[in-house]
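For reference, the structure is listed below as structure tokens.
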Amino acid sequence: MIKLRYSFILIVLFCLSIPLNLAGQKRGVSLERAIQLALKNNIEYNAYKLKVEESKALIPTALTIDKATVSYSYDSNNMAENNHPLSIFGIEQSFSFPTLYASQYKVTRSESELSKRYLEIKEKELIKNVTRSYYEIQYQIGKLMRYRMLDTIFQNFTKNVEERFKKGEAGSLDVINAKAKHQQIQIVMNDITYSTRLAYRKLRLLVNTDTLIVVPYREIKELQLAGTDIESNPGMKYAKQETELHRNLLKVEKNRLLPDITLGYYNGSNRFVGAKNYPSYEAGISIPIFFVEQKARIKGGKIGIEASEKFEEHYKSSLILRIEELKGELQKYKSHLDYYYSTGRQMSAEIEKEAREGYARGEIDYYRFVESIENVTQIELEFLDWLFQYNNTVLELNYLTLE
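In this text, residue positions in the sequence shown follow numbering that gives the first Met the number 0: the first is 0, and each later residue adds one.
What follows is the structure, encoded as structure tokens:
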């Protein structure tokens, strides 16, 4: 493996790979810290947290009671014992049947739980996106380091060919090919630099902090696959909670068929001699006579439950299929990595060793040396690509949610 021990590589690396206004920042941010900042500062995530607080605040609205009616009446024909008309003051209050309030409370609780479940989905997505952007930066930096080494080698190679051309030992085509190859490497380096800057922008957007962020370079390691239990998947929990909400909504509609209760208190009196208080009480129920609307709502509620159960079933099937697809991709990348660990890495080290020693002993010319080092670099770049794809697949599995 190419041993990149030159300090100038890291200096050039940071100048190229991070935004210019971050070049003076020396303190790196760990992945854990980046995730903490994102969970604290991300605008969209904070908006969903507020939606959860809103749903909690609305839970007591399940106890919706109509306004009390306060009345005054005077009827000259309504005479008291003192032969003077009564002035009657009254208060009347209507209530829904108690079980309706209980079912409405379950609905508001279910709506609040649904908001929490959606927040869990957004949290998983945020952590996944922060982690992906963070590792993408390190991945791009790793590529840039290897291309930087190639750039140095081909720069020297081009000079070598030009000197040989001046001596008549190489043709003009050799010079053109050497320069073209060197320019190709520089173009790739520019592309990598742009991709790194873009990954930084994505990370800054997710973290949403005024603090300048620099991702310290570390060699990328294989990520560990967490459990893929279907029932604990946040999207699956959301689908189940949505079905539960529809069931509770149906219970509300059924309870609306029950009678309302009305209670009233009245007191009659007057201001004349011999006046007395004449209290009276009233209790009644409101019985629905026409059921067409409510029956339609109940029927619609049952259909809504059935539809929600179908969506839940479809989500579960889609989730299982997606997990199988991702595990298949993971196995593919894992086989590539195993090849590198068992064969490619050793082969790369041997090619580099033989090339350097052969060139030092004069057994091979600079052309063969450059070709060998380029092959070594390509092997390592392929390994980086496989490892990056492998880790992306692990991230997708660990934080899997479906639309």
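Even for Gly, the Cβ is constructed at its ideal location relative to N, Cα and C.
None of the values given here were measured: they were computed from a predicted structure.
Problem - Three or more C-beta pairs below 8 Å linking the region 380 to 389 and the region 326 to 343 - result: yes
Problem - DSSP state of D384 mapped onto helix, strand, coil - result: Counting from 1 along the sequence shown, the entry for residue 384 is found at position 385. Correct three-state label for D384: helix.
Exercise for the section: Express the C-alpha separation of D209 and L399 in angstroms, rounding to a whole number. Expected result: Walking along the sequence shown from the start, residue 399 turns up at place 400. Walking along the sequence shown from the start, residue 209 turns up at place 210. Approximately 30 Å, taken between the alpha carbons.
Problem - Cβ separation of Y216 and V187, assumed to be a contact under 8 Å, to the nearest whole Å - result: By one-based count along the sequence shown, residue 216 stands at place 217. By one-based count along the sequence shown, residue 187 stands at place 188. At roughly 19 Å, the Cβ-Cβ gap does not stay under 8 Å, so Y216 and V187 are not in contact.
Handout entry: Segment contact, 8 Å Cβ cut-off, at least three pairs: the region 243 to 257 with the region 224 to 235
Key = When C-beta atoms of the region 243 to 257 are compared with those of the region 224 to 235, fewer than three pairs fall below 8 Å, so the two segments do not count as touching.
Handout entry: Exposure of S29, with buried meaning 16 or more beta-carbon neighbours within 10 Å
Key = Translated into positions along the sequence shown, residue 29 becomes position 30. Exposed, since its Cβ has fewer than 16 Cβ neighbours within 10 Å.
Problem - I186 - containing alpha helix (DSSP H), residue span - result: The residue you call residue 186 lines up with position 187 of the sequence shown. Here the alpha helix (DSSP H) through I186 covers S171 to V206.
Practice task
Flag this pair as yes or no: are the beta carbons of E308 and T242 separated by less than 8 Å?
Solution key: Position 309 of the sequence shown, counted from the first residue, corresponds to residue 308. Position 243 of the sequence shown, counted from the first residue, corresponds to residue 242. A contact, by the Cβ cut-off of 8 Å.
Handout entry: Of the listed residues A306, L85, R196 and N390, nearest to Q223 (C-alpha basis)
Key = For the purposes of this step, residue 223 is taken as the residue at position 224 of the sequence shown. If we check each option's Cα against that of Q223, N390 comes out closest.
Problem - Where the beta strand (DSSP E) through T261 begins and ends - result: As a working mapping, residue 261 is identified with position 262 in the sequence shown. D259 to S268 is the span of the beta strand (DSSP E), which, as asked, contains T261.
Practice task
Report the rounded CA-to-CA distance for I64 versus E305, giving the unit in angstroms.
Solution key: Mapped onto the sequence shown, residue 64 falls at position 65. Mapped onto the sequence shown, residue 305 falls at position 306. Computed Cα separation, rounded: 31 Å.
Exercise for the section: Grab the span of the beta strand (DSSP E) containing N76 for me, first residue to last. Expected result: Here residue 76 refers to the residue found at position 77 of the sequence shown. From DSSP, the beta strand (DSSP E) with N76 extends over T68 to M78.
Practice task
Tell me, to the nearest whole angstrom, how far the beta carbon of T107 is from that of T68; I am working on the premise that it is less than 8 Å.
Solution key: Here the question's residue 107 lines up with position 108 in the sequence shown. Here the question's residue 68 lines up with position 69 in the sequence shown. So it is not a contact: roughly 26 Å between Cβ atoms.
Practice task
Keeping to the same chain, check which residues put their C-beta closer than 8 Å to that of A37; ignore five residues upstream and five downstream.
Solution key: Counted from its first residue, the sequence shown places residue 37 at position 38. Result list for A37: Y44, L125, I126, V129, L205, V206 and N207, in chain order.
Exercise for the section: Give every residue of the same chain whose Cβ lies closer than 7 Å to the Cβ of L118, excluding the five residues on either side of it in the sequence, and list them in chain order. Expected result: Locating residue 118 in the sequence shown gives position 119, where the first residue counts as 1. The residues are Y47, K48 and V51.
Problem - Close beta carbons around P18, own chain, < 7 Å, minus the five adjacent residues each side - result: Here residue 18 is taken as the residue at index 19 of the sequence shown, counted from 1. Because the pLDDT of P18 is 43, which lies under 50, any placement of that residue in the model is unreliable, and the question is left without a value.
Practice task
Identify, in the order they occur along the chain, each residue of the same chain with its Cβ nearer than 6 Å to the Cβ of T437, setting aside the five sequence neighbours on each side.
Solution key: For the chain, the structure presents residues 0 to 402; residue 437 sits outside this window and is missing.
Problem - Simplified DSSP assignment, three categories, for S29 - result: As a first step, residue 29 is located in the sequence shown; it is residue number 30 there, counting from the start. Correct three-state label for S29: coil.
Problem - Residue interval of the alpha helix (DSSP H) (run including P215) - result: Numbered from 1 along the sequence shown, position 216 holds the residue referred to as residue 215. P215 -> no alpha helix (DSSP H), and no H or E assigned at all.
Practice task
Count the C-beta pairs between the region 365 to 375 and the region 294 to 301 that are closer than 8 Å, then say yes if the count reaches three, no if not.
Solution key: no
Handout entry: Buried versus exposed call for T408 [16 or more other C-beta atoms within 10 Å across all chains shown]
Key = Since the first residue of the chain shown is 0 and the last is 402, residue 408 is not available in this structure.
Exercise for the section: Starting from L118, follow the alpha helix (DSSP H) in both directions and report where the run begins and ends. Expected result: What you label residue 118 is simply residue 119 of the sequence shown in a count that begins at 1. Segment P97 to K165, the alpha helix (DSSP H) holding L118.
Practice task
Tell me where the beta strand (DSSP E) around E461 begins and ends.
Solution key: Outside the displayed range of the chain (0 to 402) lies residue 461, so it cannot be described from this structure.
Practice task
Express the C-alpha separation of V251 and S75 in angstroms, rounding to a whole number.
Solution key: Taking the first residue of the sequence shown as position 1, residue 75 is located at position 76. Taking the first residue of the sequence shown as position 1, residue 251 is located at position 252. Whole-angstrom Cα-Cα distance: 46 Å.
Problem - Residue nearest to T261 in terms of C-alpha spacing, selected from I90, S72 and A79 - result: Position 262 of the sequence shown, counted from the first residue, corresponds to residue 261. Measuring from the Cα of T261, the nearest candidate turns out to be I90.
Exercise for the section: Return yes when the Cβ of F156 is within less than 8 Å of the Cβ of A169, no when it is not. Expected result: Along the sequence shown, read from residue 1 onward, the residue named residue 169 stands at position 170. Along the sequence shown, read from residue 1 onward, the residue named residue 156 stands at position 157. Cβ atoms of A169 and F156: not closer than 8 Å.
Exercise for the section: Taking 8 Å as the cut-off, decide whether the C-beta atoms of F153 and I120 are in contact. Expected result: Within the sequence shown, residue 153 is the residue found at index 154, counting from 1. Within the sequence shown, residue 120 is the residue found at index 121, counting from 1. No, these two residues do not count as a Cβ contact at 8 Å.
Problem - Per-residue burial, A225 [other beta carbons within 10 Å of its own, 16 or more giving buried] - result: As a working mapping, residue 225 is identified with position 226 in the sequence shown. So A225 counts as exposed.
Problem - Residue nearest to Y134 in terms of C-alpha spacing, selected from E218, E53, E292 and N82 - result: The residue you call residue 134 lines up with position 135 of the sequence shown. It is E218.
Practice task
Output the boundary residues of the alpha helix (DSSP H) element that contains S347.
Solution key: Mapped onto the sequence shown, residue 347 falls at position 348. Per DSSP, S347 belongs to the alpha helix (DSSP H) from R344 to R360.
Handout entry: Rounded distance between the beta-carbons of I319 and I229, thought under 8 Å
Key = Here residue 229 is taken as the residue at index 230 of the sequence shown, counted from 1. Here residue 319 is taken as the residue at index 320 of the sequence shown, counted from 1. So it is a contact: roughly 7 Å between Cβ atoms.
Exercise for the section: Would you identify the three-state DSSP class for F310, choosing helix, strand or coil? Expected result: Counted from its first residue, the sequence shown places residue 310 at position 311. Helix.
Handout entry: Which listed residue (K220, Y71, F88 and Y358) has its alpha carbon closest to that of N266
Key = In the sequence shown, the residue the question calls residue 266 occupies position 267. Per the Cα distances, F88.
Exercise for the section: Measure the CB-CB distance between N81 and V272 and report whether it falls below 8 Å. Expected result: Indexing the sequence shown from 1 puts residue 81 at position 82. Indexing the sequence shown from 1 puts residue 272 at position 273. Contact flag set, yes.
Handout entry: Element boundaries [beta strand (DSSP E), containing L85]
Key = As a working mapping, residue 85 is identified with position 86 in the sequence shown. Start and end: P84 to F94.
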